[in-house]
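J.:
Number of protein chains: 2
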Amino acid sequence: MKSKTSEKPLSAKARVRRENTRKIIIAAEEVFSKKGFEGATTREIAATAVLPKANVHYYFPTKEDLYVRVLEDILKEWIADAEIFDISSDPETVFRAYIERKIQHSFTRPFGSKVWAMEIISGGQVFETHLKQSLLKWNAKTIQQISDWIAEGKLRPINPQYLLYAIWATTQHYADFEYQIRAINRGKSLSPKQTNEIVDNIVQIVLHGVLPVV
Amino acid sequence: MKSKTSEKPLSAKARVRRENTRKIIIAAEEVFSKKGFEGATTREIAATAVLPKANVHYYFPTKEDLYVRVLEDILKEWIADAEIFDISSDPETVFRAYIERKIQHSFTRPFGSKVWAMEIISGGQVFETHLKQSLLKWNAKTIQQISDWIAEGKLRPINPQYLLYAIWATTQHYADFEYQIRAINRGKSLSPKQTNEIVDNIVQIVLHGVLPVV
DNA sequence: GTCTATAACCGGATAGAC
DNA sequence: GTCTATCCGGTTATAGAC
Chain A
49 MKSKTSEKPL SAKARVRREN TRKIIIAAEE VFSKKGFEGA TTREIAATAV
99 LPKANVHYYF PTKEDLYVRV LEDILKEWIA DAEIFDISSD PETVFRAYIE
149 RKIQHSFTRP FGSKVWAMEI ISGGQVFETH LKQSLLKWNA KTIQQISDWI
199 AEGKLRPINP QYLLYAIWAT TQHYADFEYQ IRAINRGKSL SPKQTNEIVD
249 NIVQIVLHGV LPVV
Chain B
49 MKSKTSEKPL SAKARVRREN TRKIIIAAEE VFSKKGFEGA TTREIAATAV
99 LPKANVHYYF PTKEDLYVRV LEDILKEWIA DAEIFDISSD PETVFRAYIE
149 RKIQHSFTRP FGSKVWAMEI ISGGQVFETH LKQSLLKWNA KTIQQISDWI
199 AEGKLRPINP QYLLYAIWAT TQHYADFEYQ IRAINRGKSL SPKQTNEIVD
249 NIVQIVLHGV LPVV
């Protein structure tokens, strides 16, 4: 029985293609995150991928093709981060797991979040044409889920959309503002211990707020 | 007695200089927010300011000089947003006022926040050399203030730094991710009514969280 | 599929007339 | 102080040998 993501029975050529494509996407994610779409050069992407520039253009005819591909990958990962919404129906469990995974992502793969942020900040034209529909669909489903919890009295009557923005903002902040955070943290990257504290802190604030129980 | 920000007794030449400088900075803020530092062109900045390109170079010799100036202005405004910390010592009052002002800023002057975000995302080299010290100084003072509140039992024992990040993240999200938010809001900008709801929502979450009182 | 060489273009910065 | 014309370096994309 073949696995759905069959990777094995490929010819040598197909394997090379697969590997190079992968290398280029990883490199592009890094370079786009540092320079934005306009500032990134195919020369630097190629150098980061350790490949001649012409080869990058061989796999991805234009810089924009590559950029779109990078963004699609990021959205796919973010939607996967939310699978707990389909597994549990206890808001405390779901929010904790979702926040945990998004924070993990912010630390293990910060470039992706940064590319996404830059794309949206700079007008989101690729978002508009290639990514909006997927996000809107996922968003509607999730908002519905949170609304149900409110109707069941499991949550205070907050606006689900703004809650979701708050979770995105607080978690992605640690990827996007990494350099500022590092500067404030005396120039050192956050330790694994701090990372765990951050998850607890965000969960604490989202679930209970900062005021003491009266 | 002369006012500290004396603007009146200027020669015609000096006034022109002042006005042009202002026009260029405003235009630059917009263009940098859409393209990032590398992607922005002096040509486009000049066009937005309705000035010949050479004039932009006359007032700001290099693109980086202009960029630094734009960023300095933004940080100045953000620090001003926090003046309530010096006025009140009631955390509920302070956080509400601070969140309110930062959100207002996100809607009335979204370009600035975007330029700052892009600068940090893309490595923060100008932040490092020109802005870090001011931010660190302000940050240390504010963290101390929040720590005092915790010691006095006015707040739960959360980490003040992560609380501050949460407030920055949730408020600036509405400036930085404006285009994504608009897409989710059926393509329409948020109304004044929604803006007020957002302030309430963030204050609610930060102060009390989302779980119902048991 | 790979890679060197190059075409075609564009951007920051400046010279120099007004 | 203003603005046109231009230089020079760098960018995307491709042609064409291997």
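Line by line, the protein sequences are chains A and B. One gets my numbering by counting positions in the first sequence from 1 and adding 48 to each. One gets my numbering by counting positions in the second sequence from 1 and adding 48 to each. Where is the CB? At the ideal position from N, CA and C, for every residue including glycine. Everything numeric in this text was worked out from a predicted model, so none of it was measured.
#1: Counting only beta-carbon separations shorter than 9 Å, does glutamate 226 of chain A have a partner in chain B?
#2: Looking at the C-beta of lysine 189 of chain A, does it have a partner C-beta in chain B at a distance below 9 Å?
#3: Between leucine 255 of chain A and chain B, is the shortest Cβ-Cβ distance under 9 Å, so that the two count as touching?
#4: Would you mind telling me which residues of chain A sit closer than 7 Å to lysine 82 of chain B, beta carbon to beta carbon, in chain order?
#5: Looking at isoleucine 206 of chain A and proline 139 of chain A, is the spacing between their C-beta atoms short of 9 Å?
#6: Note the first and the last residue of the continuous alpha helix (DSSP H) segment covering threonine 69 of chain A.
#7: Indicate whether at least one CB of chain B lies closer than 9 Å to the CB of alanine 214 of chain A.
#8: Within the present structure, is the beta-carbon of valine 258 of chain B separated from the nearest heavy atom of the ligand SAM by less than 8 Å?
#9: For the alpha helix (DSSP H) that isoleucine 246 of chain B lies in, which residues bound it at each end?
#10: Under 6 Å Cβ to Cβ from serine 239 of chain A, same chain only, skipping five residues before and after it: list those, please.
#11: Can a CB atom of chain A be found closer than 9 Å to the CB of tyrosine 222 of chain B?
#12: Of all Cβ atoms in chain B, is any one closer than 9 Å to the Cβ of tyrosine 210 of chain A?
#13: Cβ closer than 9 Å: which chain A residues qualify as neighbours of glycine 201 of chain B?
#14: Compare the Cα-Cα distances from asparagine 187 of chain A to each of A/Phe133, A/Glu148, A/Ala94 and report the closest residue.
#15: Assuming glutamate 86 of chain A and glycine 84 of chain B make a contact with CB atoms under 8 Å, what is their CB distance in whole Å?
#16: So, for lysine 71 of chain B: in the same chain, excluding its five sequence neighbours on each side, which residues have a beta-carbon less than 6 Å away from its beta-carbon?
#17: Pull up the CB-CB distance for tyrosine 227 of chain B and glycine 171 of chain A, whole angstroms please, since I reckon it's below 8 Å.
#18: Suppose the cutoff is 7 Å on Cβ atoms and the five residues either side in sequence are ignored; what does the same chain contact list for serine 51 of chain B look like?
#19: Give the secondary structure of lysine 111 of chain B by DSSP, where H, G and I count as helix, E and B as strand, and everything else as coil.
#20: Candidates A/Arg66, A/Leu179, A/Lys241, A/Ser137: which alpha carbon is nearest tryptophan 42 of chain A's?
#21: Does the Cβ-Cβ distance between arginine 117 of chain B and isoleucine 73 of chain B come in under 9 Å?
#22: If we define contact as Cβ-Cβ less than 9 Å, is glutamine 192 of chain A a contact residue for chain B?
#23: Suppose the cutoff is 6 Å on Cβ atoms and the five residues either side in sequence are ignored; what does the same chain contact list for tryptophan 197 of chain B look like?
#24: Does the CB of serine 54 of chain B have a neighbour CB from chain A at under 9 Å?
#25: On the DSSP letters alone, give me the boundaries of the alpha helix (DSSP H) that glutamate 131 of chain A sits inside.
T.: Inspection of the coordinates gives the following:
#1: For the purposes of this step, residue 226 of chain A is identified with residue 178 of the first sequence, where counting begins at 1. At least one chain B Cβ lies under 9 Å of glutamate 226 of chain A.
#2: As a first step, residue 189 of chain A is located in the first sequence; it is residue number 141 there, counting from the start. Lysine 189 of chain A does not count as touching chain B.
#3: The residue labelled residue 255 of chain A in the question sits at position 207 within the first sequence. Yes, leucine 255 of chain A counts as interfacial toward chain B.
#4: In the second sequence, the residue the question calls residue 82 of chain B occupies position 34. Near lysine 82 of chain B (Cβ distances below 7 Å), the residues of chain A are Ser170, Gly171.
#5: Start at 1 with the first residue of the first sequence, and residue 139 of chain A comes out as number 91. Start at 1 with the first residue of the first sequence, and residue 206 of chain A comes out as number 158. Cβ distance not < 9 Å, so proline 139 of chain A and isoleucine 206 of chain A don't count as in contact.
#6: What you label residue 69 of chain A is simply residue 21 of the first sequence in a count that begins at 1. Where threonine 69 of chain A is concerned, the enclosing alpha helix (DSSP H) stretches over 60-87.
#7: Residue 214 of chain A sits at position 166 when you count from the first residue of the first sequence. Chain B, which has a Cβ nearer than 9 Å to the Cβ of alanine 214 of chain A, makes this yes.
#8: Within the structure as shown, the ligand SAM is missing, as the structure has no ligands at all.
#9: Here residue 246 of chain B refers to the residue found at position 198 of the second sequence. Element bounds for isoleucine 246 of chain B: 240-256.
#10: Here residue 239 of chain A corresponds to residue number 191 of the first sequence, with the count starting at 1. Around serine 239 of chain A: no qualifying Cβ.
#11: The residue given as residue 222 of chain B occupies position 174 in the second sequence. Yes, its Cβ sits closer than 9 Å to a Cβ of chain A.
#12: Mapped onto the first sequence, residue 210 of chain A falls at position 162. By this cut-off, tyrosine 210 of chain A is an interface position.
#13: Taking the first residue of the second sequence as position 1, residue 201 of chain B is located at position 153. In chain order: Pro260.
#14: Here residue 187 of chain A refers to the residue found at position 139 when the first sequence is read from its first residue. Here the closest residue by C-alpha is A/Phe133.
#15: Within the first sequence, residue 86 of chain A is the residue found at index 38, counting from 1. Within the second sequence, residue 84 of chain B is the residue found at index 36, counting from 1. Their Cβ separation, rounded to whole angstroms, is 7 Å, which keeps glutamate 86 of chain A and glycine 84 of chain B in contact under 8 Å.
#16: Here residue 71 of chain B is taken as the residue at index 23 of the second sequence, counted from 1. Ala97.
#17: Start at 1 with the first residue of the second sequence, and residue 227 of chain B comes out as number 179. Start at 1 with the first residue of the first sequence, and residue 171 of chain A comes out as number 123. Contact between tyrosine 227 of chain B and glycine 171 of chain A holds: their C-beta atoms lie close to 6 Å from each other, under 8 Å.
#18: For this step, residue 51 of chain B is matched to residue 3 along the second sequence. Interpretation of serine 51 of chain B is limited by its pLDDT of 45, a score under 50 that renders its predicted location unreliable; the figure taken from the coordinates is listed afterwards. There are no such residues.
#19: Mapped onto the second sequence, residue 111 of chain B falls at position 63. It is helical.
#20: Limits of chain A in this structure are 49 at one end and 262 at the other, which puts residue 42 of chain A out of reach.
#21: Taking the first residue of the second sequence as 1, we reach residue 117 of chain B at position 69. Taking the first residue of the second sequence as 1, we reach residue 73 of chain B at position 25. Cβ distance < 9 Å, so arginine 117 of chain B and isoleucine 73 of chain B count as in contact.
#22: The residue labelled residue 192 of chain A in the question sits at position 144 within the first sequence. Closer than 9 Å: no.
#23: Numbered from its first residue, the second sequence carries residue 197 of chain B at position 149. Same-chain partners within the cutoff: Pro139, Leu203.
#24: Reading the second sequence from its first residue, position 6 is the one you call residue 54 of chain B. Only weak support exists for where serine 54 of chain B lies, its pLDDT of 48 falling under 50; the value from the coordinates is given anyway. Output row for serine 54 of chain B: interface = no.
#25: Within the first sequence, numbered from 1, the residue matching residue 131 of chain A stands at position 83. Careful: glutamate 131 of chain A lies outside any alpha helix (DSSP H) and carries neither H nor E.
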